[in-house]
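Using the working numbering, the first residue of the sequence shown is number 14, and each one after it goes up by one. Beta carbons: idealized from backbone N, C-alpha and C, even for Gly. Data first, discussion second: the structure below is written as structure tokens.
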Amino acid sequence: MPHDARDSTPPNASAPDPHIVPAAYITADVPPIGGVIKQRPEDFLVEETPLYQPSGQGEHIYLFVEKRGLSTLEMVEIIARHFRVDRRAVGYAGMKDKPAITRQVVSVHVPGRKIEDFPSLEHDRVGVLWADYHTNKLRTGHLGGNRFSIRIRSVPATAALPAKRVLDRLERTGVPNRFGE
Numbered sequence: 014m015p016h017d018a019r020d021s022t023p024p025n026a027s028a029p030d031p032h033i034v035p036a037a038y039i040t041a042d043v044p045p046i047g048g049v050i051k052q053r054p055e056d057f058l059v060e061e062t063p064l065y066q067p068s069g070q071g072e073h074i075y076l077f078v079e080k081r082g083l084s085t086l087e088m089v090e091i092i093a094r095h096f097r098v099d100r101r102a103v104g105y106a107g108m109k110d111k112p113a114i115t116r117q118v119v120s121v122h123v124p125g126r127k128i129e130d131f132p133s134l135e136h137d138r139v140g141v142l143w144a145d146y147h148t149n150k151l152r153t154g155h156l157g158g159n160r161f162s163i164r165i166r167s168v169p170a171t172a173a174l175p176a177k178r179v180l181d182r183l184e185r186t187g188v189p190n191r192f193g194e
């Protein structure tokens, strides 16, 4: 999904390849189950799995943040303002959905500063779950994957069998990477 025109390409991501055509749905041969997703942020939970743990030393503060109903770039702006750094000093491993509750690691480059030098982040849609130090900035792709919890509302009672077939297929094939604003 495109971002606001001012932020059409994230600062640490490359432009999409216009020659790539999305494949058909993985479950195209299974009858649809119906239902509605993303009616509320709590219906779509995403938790990033880090590729590596912070080392405990370095000039980058790693934060495990939870955001609610914000795009990744909106969250980056909030973090940058809080730490009084340019948004380019904030790194992240992957974009996360806006209409969701997401947890992910971000890095903030603050040479010569300590976690204790900053007040606690007080924001109604962003919270810090833990903080530590590391030697490098997080960059796109520095993640092991994402774990999802998706609530589907208004599913008809007759959807149990097709839903089981869809879940079985997704367990075997996995789910393609995609995020939505």
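Cβ neighbour criterion (16 or more within 10 Å) applied to residue i
| i | result |
| --- | --- |
| Y65 | exposed |
| G158 | exposed |
| P124 | exposed |
| K127 | exposed |
| G104 | buried |
| S68 | exposed |
| L183 | exposed |
| I163 | exposed |
| L76 | buried |
Given residue i as reference, the closest of the options once Cα atoms are compared
| i | options | result |
| --- | --- | --- |
| G71 | V188, G48, T148 | T148 |
| D130 | I50, V188, R97, P67 | R97 |
| G140 | G125, V118, Y146 | V118 |
| T115 | E90, G187, S84, I128 | S84 |
| E79 | F57, H73, D99, R100 | F57 |
| R138 | S120, E90, G47, I163 | E90 |
| G107 | P67, D99, H73, E60 | E60 |
| G187 | I92, F161, P175 | F161 |
| K111 | I50, L134, E87 | E87 |
| R94 | R185, P132, A170, F77 | P132 |
| I165 | R81, V49, A102 | V49 |
| R81 | L183, P54, T171 | P54 |
| H73 | A102, G47, K51, Q52 | A102 |
| H122 | H136, A113, G47, D145 | D145 |
| H136 | I46, T171, I92 | I92 |
| G47 | G154, P175, R185 | P175 |
Beta-bridge pairing of residue i - partner residues as DSSP gives them
| i | result |
| --- | --- |
| L76 | V119, A144 |
| N159 | E61 |
| V139 | K80 |
| R166 | V49 |
Any C-beta of chain D under 7 Å from that of residue i
| i | result |
| --- | --- |
| A93 | Protein chain content of the structure displayed is limited to a single chain, and chain D is not contained in it. |
Task: Complete alpha helix (DSSP H) runs within the stretch 79 to 131 (minimum length 4 residues, chain order) - done: 85 to 96
Task: Sequence ranges, alpha helix (DSSP H) only - wholly within the stretch 42 to 69, length at least 4 - done: none
- [ ] Determine contact between the stretch 38 to 51 and the stretch 171 to 179, defined as no fewer than three beta-carbon pairs at a distance below 8 Å.
- [x] yes
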